[in-house]
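Protein chains in written order, with the numbering used here: chain B, 155 to 512; chain R, 407 to 764. Below is one structure, written out as structure tokens; the observations come after it.
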Amino acid sequence: MSSLTTKFADELIANAAYIGTPGKGILAADESTGTIGKRLSSINVENVESNRRALRELLFTAPGALPCLSGVILFEETLYQKSSNGTPFVDILKEGGVLPGIKVDKGTVELAGTNGETTTQGLDGLGDRCKKYYEAGARFAKWRAVLKIGQNEPSELAIHENAYGLARYAVICQENGLVPIVEPEILVDGSHDIHKCAAVTERVLAACYKALSDHHVLLEGTLLKPNMVTPGSESAKVAPEVIAEHTVRALQRTVPAAVPAIVFLSGGQSEEEATRNLNAMNQLKTKKPWWLSFSFGRALQQSTLKTWGGKEENVKKAQEAFLVRCKANSQATLGAYKGDAQLGEGAAESLHVKDYKY
Amino acid sequence: MSAFVGKYTEELIKTAKYIATPGKGILAADESTGTIGKRFSSINVENIESNRQALRELLFTSPGALPCLSGVILFEETLYQKTSDGKPFVDFLLENGVIPGIKVDKGVVDLAGTNGETTTQGLDSLGSRCQEYYKAGARFAKWRAVLKIGATEPSELSIQENAKGLARYAIICQENGLVPIVEPEVLTDGSHDIKKCAAVTEAVLAAVYKALNDHHVLLEGTLLKPNMVTPGSDSAKVAPEVIAEYTVNALRRTVPPAVPGIVFLSGGQSEEEATLNLNAMNKLDVLKPWTLTFSFGRALQQSTLKAWAGKTENVAKAQATFLARCKANSDATLAKYIGGTSNDSAASESLFVKGYKY
Chain B
155 MSSLTTKFAD ELIANAAYIG TPGKGILAAD ESTGTIGKRL SSINVENVES NRRALRELLF
215 TAPGALPCLS GVILFEETLY QKSSNGTPFV DILKEGGVLP GIKVDKGTVE LAGTNGETTT
275 QGLDGLGDRC KKYYEAGARF AKWRAVLKIG QNEPSELAIH ENAYGLARYA VICQENGLVP
335 IVEPEILVDG SHDIHKCAAV TERVLAACYK ALSDHHVLLE GTLLKPNMVT PGSESAKVAP
395 EVIAEHTVRA LQRTVPAAVP AIVFLSGGQS EEEATRNLNA MNQLKTKKPW WLSFSFGRAL
455 QQSTLKTWGG KEENVKKAQE AFLVRCKANS QATLGAYKGD AQLGEGAAES LHVKDYKY
Chain R
407 MSAFVGKYTE ELIKTAKYIA TPGKGILAAD ESTGTIGKRF SSINVENIES NRQALRELLF
467 TSPGALPCLS GVILFEETLY QKTSDGKPFV DFLLENGVIP GIKVDKGVVD LAGTNGETTT
527 QGLDSLGSRC QEYYKAGARF AKWRAVLKIG ATEPSELSIQ ENAKGLARYA IICQENGLVP
587 IVEPEVLTDG SHDIKKCAAV TEAVLAAVYK ALNDHHVLLE GTLLKPNMVT PGSDSAKVAP
647 EVIAEYTVNA LRRTVPPAVP GIVFLSGGQS EEEATLNLNA MNKLDVLKPW TLTFSFGRAL
707 QQSTLKAWAG KTENVAKAQA TFLARCKANS DATLAKYIGG TSNDSAASES LFVKGYKY
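What follows is the structure in structure tokens.
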């Protein structure tokens, strides 16, 4: 058979298409307990469950924000949490027309014999976990594979391992009713130029789609979450139009039209950069048979976090800051962002952390 | 680098795009001396050079036909032949907006240890041969890889060998200024259903595009010549709309949007079948980021050959027949074809030959 036979096929296709709705995108709020700890400590907030819950409530109940979103990626703990008036978060999201998603990978481990390259774990018992998440209300999943650019990197081993890990994860998700977001992130770290990033991105994406084909993944029921094609973090920046051109070209050369939408990760880009780049891509006049949208974590939450500072009295202002970024990115998916978003505290601040570990 | 960028890059992109012009397509007139001999013997014509020249002159000078064509694939002998008033065929075609192409493969040989599967030869000195052909006026090339469907076919070996052969051929062409038509034909022979053909076609195309990526082929400067997705020759026929749906789905799942055009082979289909199927594909209301057109040999020439029968007094009639098929297929690329307008019984005759050898 070409793609797998699953009773969830129609649902997967409908959900994947919905997530790609123009004007909407994904909030990546799936920071693990360890990672959210780093965020909270940067604003002097204690990493306890009630604070983690409070932050997510702030985001999900921000007036006007949910209409800008089609999905939110959650960490397992959050999938089972409730708002302060006892409503499960998944219900708040669903009522707001937002699909709940779930991070299902278990982080990266090193590949022996390589120069610090990694593969992602999480396949053991993944089918059963997906079933449980589906019962809890999740309708899509996310798995982050990580590659880096260096003298000899990414190696053929790293590309192959990560591509085939993504493919196995993807088909297991589909067997259990979850739309898999396929995320092969190529880190921005390095002094390489944009052409190098383009070449690596094309090579990695080609390997991913070969692996997905080998594993009979139903492409119409998937999403892609790639890096944008940019110069390395240590190289001179370029204009959004240049990033847009190289990024869309790389995707044209590798991503089949059957994939309904591409939801970019923001990497270490500032909130404003990420929005402008996405906007430029949607303004580009060239063949784009998939919707181009966002799946931003830091690039949606940075200024919101700073404004909140963990204080109850700041919630309203923080929610306003969050709405500003949601609206800006919503407009960017339509190529309509005018660059006039009121920049919140830190909106123009680079979020790049060298050798970033989730 | 990602895609190879040489001195011919702009020209390759322009030529490939032109060949894919909606309303136009390719006449495959590249029958080898041996193969054209079979055609001639079916109409009792002697297989000598003057007759081969006469047939091609008949086709190329058919009033009104060339505007329906963007390219003609030639066999080496024909590339150097002239019209009866001394004008090189190549010049005549170019003056009429038709790009000359050249078949560059050297036929198939068996893969030892398989059940009659083959690989295609022709890589030796291909670079210098391409240079010669470019000097003679050719601007695109064609290489036919052949796969078959069976209990254990196509094997992984056959898929890999043929995909890699196509990729090597493609990059060598691009280095020497010729747009490579990539042709991985999955034969119709067999009793399999359309789903099986779809699965095999998708697996083969996925392998082909992985190989092209590995070899740094510039996709924007290539064309794809695939089989349509149909039931096997021993199975019940299905409607054009069904063939269209399965074919376009298979292509959406595997052919990157960077490829400008897909030029279908007709396999053993009758002239009318091939046209109706192409028309149905262009009518299909689904996003297609490449143009869908024809590269027909038998399905453009069959009734013309019969009408000619080697006799000068039949030339005008034969040319009118050829024009009718050219127009029909031109209309089909624009989803405008209304079938059943041909009174020619030959147009409905199946051209299927079991185990067809070029």
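All residues carry an ideal CB built from backbone N, CA and C; glycine is no exception. Keep in mind the model is a prediction, meaning the values are calculated, not measured.
- For W462(B), the enclosing alpha helix (DSSP H) covers residues R452 to W462.
- Interface with chain R (7 Å Cβ-Cβ cutoff): Q305(B) is excluded.
- Listed along the chain, the chain R residues whose CB falls inside 9 Å of the CB of P443(B) are R658, P663, L693, K694 and P695.
- Per the coordinates, the alpha-carbon of V336(B) lies some 53 Å from the alpha-carbon of S468(R).
- Chain order gives the chain R residues near E356(B) as S408, A409 and N619, where near means a beta carbon separation below 9 Å.
- S476(R) sits in a strand when the DSSP states are folded into three classes.
- For P586(R) against A650(R), the beta-carbon gap comes to about 26 Å, at or over 8 Å, which does not count as contact.
- S672(R) has its alpha-carbon roughly 50 Å from the corresponding atom of A482(B).
- Shown here, R407(B) sits in coil according to DSSP, grouped into three states, outside any helix or strand.
- Chain-order list of chain R residues neighbouring A168(B): empty, with the shortest C-beta distance near 16 Å, by a criterion of under 7 Å.
- Taking the C-beta atoms as reference points, S186(B) is found nearer than 7 Å to F229(B).
- Identification of residues in the segment 369-382 of chain B having a C-beta nearer than 7 Å to some C-beta of chain R yields L373, given in sequence order.
- The three-state secondary structure of V417(B), taken from DSSP, is strand.
- Per DSSP, reduced to three states, the secondary structure at D516(R) is strand.
- Rounded to whole angstroms, the separation of the alpha carbons of C480(B) and D691(R) is 33 Å.
- Its chain contains L529 and H621 as the residues whose beta carbon lies nearer than 7 Å to that of R574(R), once the 5 sequence neighbours on both sides are disregarded; these appear in chain order.
- Where W549(R) is concerned, the enclosing beta strand (DSSP E) starts and stops at F546 to L553.
- The Cβ atoms of L625(R) and V665(R) sit closer than 7 Å to each other.
- Contact annotation for A411(B) against chain R: R658, P663, L693 and P695 [CB-CB distance below 7 Å, chain order].
- Rounded to the nearest angstrom, the gap between the Cα atoms of P663(R) and K441(B) is 7 Å.
- Within the segment 622-653 of chain R, L625 place their CB atoms closer than 7 Å to a CB of chain B, listed in sequence order.
- The distance from the Cβ of S224(B) to that of I180(B) is about 7 Å, consistent with a contact at the 8 Å cut-off.
- About 16 Å separates the beta carbons of F466(R) and K509(R), which is beyond the 8 Å limit, so they are not a contact pair.
- Residue pairing by DSSP leaves G174(B) without any beta bridge partner.
- Remark: C-beta atoms of I313(B) and V358(B) approach each other more closely than 7 Å.
- Across the set E523(R), S490(R), G477(R) and T520(R), the C-alpha of G477(R) shows the shortest separation from the C-alpha of E501(R).
- At a cut-off of 7 Å between C-beta atoms, K616(R) counts as an interface residue with respect to chain B.
- Buried is the label assigned to A724(R), since at least 16 other Cβ atoms lie within 10 Å of its Cβ.
- Apart from sequence neighbours up to five positions away, the residues of its chain that approach F446(R) with a beta-carbon distance below 6 Å are N453, ordered along the chain.
- Residue pairing from DSSP places W445(B) in a beta bridge opposite A415(B).
- Annotation for K689(R): no beta strand (DSSP E) segment contains it, though the alpha helix (DSSP H) segment containing it runs E677 to K689.
- Three or more beta-carbon pairs separated by less than 8 Å link the segment 300-316 of chain B to the segment 337-345 of chain B, which places the two stretches in contact.
- One thing to note: A412(B) has its Cβ within 7 Å of the Cβ of L373(B).
- In this structure, the straight-line span from the alpha carbon of A604(R) to that of T699(R) is close to 19 Å.
- As DSSP reads the structure, T524(R) sits in a beta bridge with D516(R).
- Counting along the chain, the unbroken beta strand (DSSP E) around I335(B) starts and ends at V333 to I340.
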